[in-house]
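Q:
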Amino acid sequence: MESPYIIQLPKLLDDRGNLSFIEENNHIPFKIERTYWIYDVPGGERRGGHAYHNLQEFIVALSGSFDVVLHDGYKETRFSLNRSYYGLYVPRMMWREIENFSTNSLALILADGKYNEQDYIRDFDQFVNQAHVQ
Numbered sequence: 001m002e003s004p005y006i007i008q009l010p011k012l013l014d015d016r017g018n019l020s021f022i023e024e025n026n027h028i029p030f031k032i033e034r035t036y037w038i039y040d041v042p043g044g045e046r047r048g049g050h051a052y053h054n055l056q057e058f059i060v061a062l063s064g065s066f067d068v069v070l071h072d073g074y075k076e077t078r079f080s081l082n083r084s085y086y087g088l089y090v091p092r093m094m095w096r097e098i099e100n101f102s103t104n105s106l107a108l109i110l111a112d113g114k115y116n117e118q119d120y121i122r123d124f125d126q127f128v129n130q131a132h133v134q
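Structural data, given as structure tokens:
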């Protein structure tokens with residue numbers, strides 16, 4: 001099973017403002033098929049609460065901060081994201097929850113597939129069972 005990891009993105013420093021960017025199959029290990037973002041999350045709320053059979057994602061905190069809590073079916077790992085020049089690669093078959101959103105935070109998520117409800121695992125116990133047989 002592949003592990004999640006932090007990827008540092010290019011950061012071009014300039015007196016007029018800094019610039020970072022992402023290139024598919026260069027900075028992240030997949031071709032981008034879908035991009036979405038999460039914002040205006042009320043205090044104390046969580047997002048996610050699911051896993052994907054096949055989808056891979058890359059998550060960046062473009063603004064503010066939040067925690068990504070991942071579970072591989074055996075153990076839980078927490079990543080705190082708070083910089084726009086690095087992000088978290090999340091491989092397939094990884095349960096994820098995003099929590100502790102700061103005020104005005106903006107989470108950018110890049111995915112290697114289009115939305116497909118059949119790819120979701122929304123029950124944690126079912127996810128753990130499937131993770132143990134892979």
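In terms of the UniProt record's numbering, the sequence shown has 59 at position 59, counting the first letter as 1, and numbering is strictly consecutive.
In this text, a Cβ means the ideal position worked out from N, Cα and C, and glycines have one as well.
Is the segment 32–48 touching the segment 75–86, taking contact as three or more C-beta pairs under 8 Å?
A: no
Q: I need the straight-line Cα distance from Phe101 to Leu9, nearest angstrom please.
A: 22 Å
Q: Can you look up Asp67 in the DSSP assignment and give me helix, strand or coil?
A: strand
Q: Report yes if the CB atom of Val133 is closer than 8 Å to the CB atom of Ile98, and no otherwise.
A: no
Q: Determine the direct distance from the alpha carbon of Ile28 to that of Tyr5, and round the result to whole angstroms.
A: 11 Å
Q: For Gly73 and Trp95, I'd like the C-alpha separation in whole angstroms.
A: 8 Å
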